[in-house]
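For reference, the structure discussed in these notes is given below.
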Amino acid sequence: MQIKEIVIYNKKGQKRILKIKEDEVNIITGKSGTGKSSLIDIVEYCLGRSSCKIPKGVIRNHASWYGVLLTHREENIFVARENPPGIQKSTQFAYIERGKNVESPENIPQTNSTNDEIAVTLSEILGISPNKNFPKMGHTRNPLSANIKHSSFLCFQKKEEIDSSQVMFHRQAEQGRIQDIKDTLPYFLGAIREDELALKHELEKEERLLRIAEITLKEAEMLKGDEISQSISLVEEAIDCGIIKSEIKNESQTDRTKILEKVSIWRPGKPTQFNDNLEILQDEANELTKKLSLQDRKIRAAESFANELTGFSSEMLHQKNRLDSIGIFEHLSQKNKECPFCKGELEHKIPEIESIKNTLKDLDEDLEYTIKERPQLRKKISNLKRERETIHSEIQQKLKDIEGVIQSRQGLLEERDLRFRQAQVSARAKFWLDNVRLTDETSQLKIDVKKRSEKVQELRRELDEEKKQQRLNSILNRIGEKMTRWARELKLEHSEFPVRINMSTANIIIDSEEGSIALDEIGSSENLLGYHLVTFFALHEYLRNHKRPVPGFLFLDQPSQVYFPKDTEFDDMKEVLDEDRENVLKIYKFIFKRTKEIPEFQVIITDHADINDKKFQSVINERWRDGMALIPREWIEG
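Everything in the sequence shown is counted per this note's numbering, starting at 716 for the first residue and increasing by one.
See the structure below:
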C-alpha cells in the first residue's frame, strides 16, 4: 500500500492535490510554516488515528475535509475524513471508495463510512489477518489485536523523533505506546503465525474434546467393573415399579441385558388428565357458607326481637293488672266532673281525662297484639332454623364431594409419580446399556484419547511461546545484520559493533565489547539520525521482502535539520559548511540507494534542504517558497 495523492478540500469545495510518486523518493522542500510537517498528521488522521493532531491555524481554519488516495496492488482506495469543527479533536464522519480506476472526488466527499469502519477495511486490504497478542500469565492488560493504526509506528518519523535519543518509533513517547509496539511488532514481522488466532481456537476445541474423551474412557473403565451389580439393581427397580413382571427369567447377565433392553425402550401410556369440577364445587361450598352465615344473622335478629317483645308485653301486663286492681278502667268511664274514687261531684273537670283514657286503651290494644303475635314469631324462628339445617346439610355434602375429588386427584398424582419413576429407570437402563457397549470399546477409546492428546501437544508446540521468541530473535538478528552493515556504510560512531532492536525496551542497542550502548548513549544528533534511518530502512526491507501487512511507505520529516543552525532558513546549501553539506548529501544518497533496493517501497520526505544535486532535484515534488505552501494563497486571501 502506497500513497498517490494527499488531498485537502476547503470550505468552498475547492480542492488542493499533492501528487506523490510510487516506488520512489518524494521530496517536498520549503520554508518553515508552510505546512510540511502537517502532512504526516493529515495522512495518519486519514488512516484511522482517533484524534486529529493537525495543528490549529491556517490549515484547520481553511480545510473542510482531508483525503488520501492510496494504491494497493491493482486497486485504488480513496479515504477521507472531516476536519473536526470547533474545539472537537475528532469526528466519525468519513468516506471511502475502492476500485481499479478510483480517483479523488472533485467535490467535498459525502459521508458514507466511519473512522472505525475505515480502519477495519484498510486492515483487511493490507491483509492483516485476525490476530491477538495474549499477555503472559500474571499480566492484567487485555489481549491486543494489531491493525493498520498500529502499523503507523513503522511508517512515520516526525522531526522530533527522527534524531531522538529517547525514542526510536513514532509516538513511542505516548503513554502505553511502548507496550503496543512490543505487542504488535512480532506480528508485523511475521514472528507470530498468520493463523495463530485460529490455532488458539483450534487448541481450545481440541483440549475440550480431549477432556471429554478422557472422562468417557474413565467412566467406561469404572463401569466395566460394576456391570453385574448395576444390572441386578436396575432389574429389581424395573420389577418394583411395574415395568416388568417379577416372574421374568433373571438368572444370568445375558438375561438381565435382554430385560434391560426392553426396559430401555419402555414408553409410558397416555397420562390420565384431571377432569373434574373441583373448582366449581369449591365455589358452591363458599356460596353456601355465605348463605349459612346470612341465615344465622336472620335467626339472631328474630330471637332478639322475640325476647324484647316478651319483656315489653310482660311489663304492660303488670301495669294493667295494677290498674285493674283499683278499678280505674271502670271509673274512667264516668263523667268528667265525677270523682272516680268517692263518686262526688267535682267543682272542676279532671284535666286530660280523655287523653288518659285513650292511652289506657292503646295500652290494652298493644298488650292484646303482643299476645296475639308471639306464636307467629316463634313459628318464623322455627322456619329459619329449619332452613339453616338444610343449608348446613348442603355444605356437608359439598365438602364430601370436594374430599372425593381431592382423593381422586391424589390417585392421579401417585400415578404420575410412578410413571416418572418408571421413566427414570428406563433412562438409566439405556445409559447402562450404552456404557456396557462402551466398555467393550475401551481399546478404541484409548486410541481416541491418544490421538487427541497428540493433536493437543502438536498445537501447543506450534503455539509455544519459546518457539515464537526464537522466530522473533531470528528475524531481529537478520534485521540487525542489515542495520550494522548500513551503519558502517554511513560511518556512524560505534558501527564497528553489532546493532540490533531490543524488544524489551522497544529501542535499539549496540553490543560493544565493554557492554551494551543504549540509544541515549550513542552521541551526536548526526549519529542518532543515522541509526534511526538504518533501523527503519532495515525494517522496511524485511517487511517488503516478506510481504508483511504494513503500508509500503516511510514518511520522514526534516532529516537534514541536524545540519542546520536552529531558526535559520536556507534556500539552498550554499551557506552550509562544506562538510555538513556533504553529510546531508550522504544521508540522501543513502535514502535514494535503499529506496531503489527495496521492492514496492516509497519514501516521502519533507525538508528545508534544497540540495543542488541532480538526483535530489529530480525527486522534488513541490517547493514551498515564495508564497507556495500546503494551503494555497488564494484560499487565505479569498
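Backbone N, C-alpha and C define an ideal beta-carbon position, used for all residues, glycine too.
Just so it is clear, the structure is predicted and the values come from calculations on it, not from any experiment.
Following the continuous alpha helix (DSSP H) through residue 1279, name the residue where it begins and the one where it ends.
Unbroken run through residue 1279: none, as it is neither H nor E.
Helix, strand or coil, according to DSSP, for residue 762 in the structure here?
coil
Inspect the beta-carbon positions of residue 1420 and residue 1143 and report whether they are closer than 8 Å.
With the chain running from 716 to 1353 in the structure shown, residue 1420 is simply not present.
Between residue 728 and residue 823, is the Cβ-Cβ spacing less than 8 Å?
yes
Below 8 Å between beta carbons: does that hold for residue 1335 and residue 1303?
no
Compare the beta carbon distance of residue 786 and residue 719 with 8 Å and say whether it is the shorter of the two.
yes
Along the chain, where does the alpha helix (DSSP H) that runs through residue 978 open and close?
968-979
Here's the rule: buried if 16 or more other CB atoms are within 10 angstroms of the residue's CB, otherwise exposed. What is residue 901?
buried
Assuming the contact rule is C-beta atoms closer than 8 Å, residue 928 and residue 1167 should be a hit. Round their C-beta distance to whole Å, please.
5 Å
Leaving aside the five residues before and after residue 1202 along the sequence, list all residues of the same chain whose C-beta is less than 6 Å from its C-beta, in chain order.
1210, 1214, 1249
State the CB to CB distance for the pair residue 932 and residue 1147, rounded to an integer number of angstroms; the pair is presumed to be in contact (CB under 8 Å).
Going by Cβ atoms, the distance from residue 932 to residue 1147 rounds to 17 Å, so no, they are not a contact pair.
Whole-angstrom C-beta distance between residue 1106 and residue 997, which should lie under 8 Å
Not a contact, Cβ separation roughly 17 Å.
Give a yes or no on whether the C-beta atoms belonging to residue 1197 and residue 1253 are separated by under 8 Å.
yes
Could you check where the alpha helix (DSSP H) with residue 1199 kicks off and where it finishes?
1180-1204
Which partner residues does residue 1338 have in the DSSP bridge list?
744
Applying the criterion that 16 or more other CB atoms from any shown protein chain within 10 Å of the CB defines a buried residue, is residue 1313 buried or exposed?
buried
Verify whether the separation of the beta carbon atoms of residue 1171 and residue 922 is less than 8 Å.
yes
With a threshold of 8 Å between beta carbons, is residue 1189 in contact with chain C?
Absence of chain C from the displayed structure is noted, only one protein chain being present.
Have a look at the DSSP bridge pairing and note the partners of residue 717.
786
Can you give me the C-alpha to C-alpha distance between residue 962 and residue 947, rounded to a whole angstrom?
15 Å
For residue 867 and residue 771, what's the separation of their Cα atoms in angstroms?
22 Å
Own chain, CB closer than 6 Å to residue 717, minus 5 neighbours either side, in chain order:
737, 786, 1267, 1268, 1317
Hey, how far is the Cα of residue 1282 from the Cα of residue 1323?
Note that residue 1282 has pLDDT 46, beneath the 50 cutoff, so the model's placement of it is unreliable and the number below is only indicative. Approximately 11 Å between the Cα atoms of the pair.
Option nearest residue 1330 by Cα separation, candidates 1305, 1159, 1340
1305
Beta-carbon contacts of residue 837 that lie in its chain and below 6 Å, excluding the five residues immediately before and after:
863
If you pair each beta-carbon of the segment 1232-1245 with each one of the segment 866-880, do three or more pairs fall below 8 Å?
yes
Helix, strand or coil at residue 817 according to DSSP, with G and I counted as helix:
coil
From 803, 761, 1298, pick the residue whose C-alpha is nearest to that of residue 809; which is it?
761
Tell me the residue span of the beta strand (DSSP E) that contains residue 1332.
Premise fails: residue 1332 lies in the alpha helix (DSSP H), 1329-1333, not in any beta strand (DSSP E).
Beta-carbon gap between residue 742 and residue 1320 smaller than 8 Å
yes
Taking only three categories from DSSP, how would you classify residue 1048?
Here the model assigns residue 1048 a pLDDT of 49, short of 50, so the residue's position is not dependable and the matter cannot be decided.
Expected contact under 8 Å - CB spacing of residue 1344 and residue 744 to nearest Å
Not a contact, Cβ separation roughly 12 Å.
First through last residue of the beta strand (DSSP E) which encompasses residue 1233
1230-1233
What are the boundary residues of the alpha helix (DSSP H) that residue 1223 is part of?
That residue, residue 1223, is in no alpha helix (DSSP H); its beta strand (DSSP E) goes 1222-1227.
For the beta strand (DSSP E) that contains residue 1268, what are its first and last residues?
1268-1272
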